[in-house]
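Working notes for the structure below.
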Amino acid sequence: MGDLRRYERIYLVVAAIPPGRVSTYGQVAELAGLPGRARLVGRALGELPDRHPAPWYRVVGAGGRISPRGDGSSADEQRLLLEDEGVEFSAGGLIDLVRYGWDG
DNA sequence: CCACTGACTCGCG
DNA sequence: TCGCGAGCCAGTG
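Residue numbers are given in the numbering used here: position 7 of the first sequence equals residue 1408, and the series is strictly consecutive.
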């Protein structure tokens, strides 16, 4: 099963996202030296234990969308955590990546 | 080894 | 605006 160290490069990039900013799965993959492997980032975050220090909630889908989970519960939590950091959502539930994107 | 499944993206119609 | 198909690739059975 999961050896978290396999995803260490991904977690390193996620940990570098500043508070109040967000990145996308694709961007994280690219910065981790894994271009085109956005799905791998999603998998890596999915295996992340709650205790892990990496701010998983600062990773969103392309276009600033919150990617729906299987159960959906943590998606709501993600929005709350981001709002706590000052990230605003549009009426459609989207994040303005020009404003809140990492290096946007 | 094969088929299926995704916390993904992009392009088309 | 929305859905669909195609790439994508690592786990799982």
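Using N, Cα and C, we set each Cβ at its ideal position, and we do this for glycine too.
* Asked: Is it true that the CB of residue 1481 sits closer than 9 Å to the CB of residue 1450?
  -> Position 49 of the first sequence, counted from the first residue, corresponds to residue 1450. Position 80 of the first sequence, counted from the first residue, corresponds to residue 1481. Contact: no.
* Identify, in the order they occur along the chain, each residue of the same chain with its Cβ nearer than 6 Å to the Cβ of residue 1419, setting aside the five sequence neighbours on each side. => For the purposes of this step, residue 1419 is taken as residue 18 along the first sequence, with counting starting at 1. So no residue of the chain qualifies.
* Can you tell which of 1483, 1502, 1497 has the C-alpha that lies nearest to the C-alpha of residue 1456? -> For the purposes of this step, residue 1456 is taken as the residue at position 55 of the first sequence. Checked all of 1483, 1502, 1497; the closest Cα to residue 1456 is 1483.
* Ends of the alpha helix (DSSP H) at residue 1432? -> In the first sequence, the residue the question calls residue 1432 occupies position 31. Start and end: 1426-1432.
* Expected contact under 8 Å - CB spacing of residue 1417 and residue 1426 to nearest Å -> By one-based count along the first sequence, residue 1417 stands at place 16. By one-based count along the first sequence, residue 1426 stands at place 25. Their Cβ separation, rounded to whole angstroms, is 15 Å, which puts residue 1417 and residue 1426 out of contact at 8 Å.
* To do: Kindly list the residues whose CB is nearer than 8 Å to the CB of residue 1423, restricted to its own chain and excluding five residues on each side of it in sequence; keep chain order.
  => Along the first sequence, one-based indexing puts residue 1423 at 22. Only residues of its own chain outside the window of five on either side were considered, and among them 1459, 1460, 1461, 1465, 1483, 1488, 1496, 1498, 1501, 1502, 1503 have a CB closer than 8 Å to the CB of residue 1423, listed in chain order.
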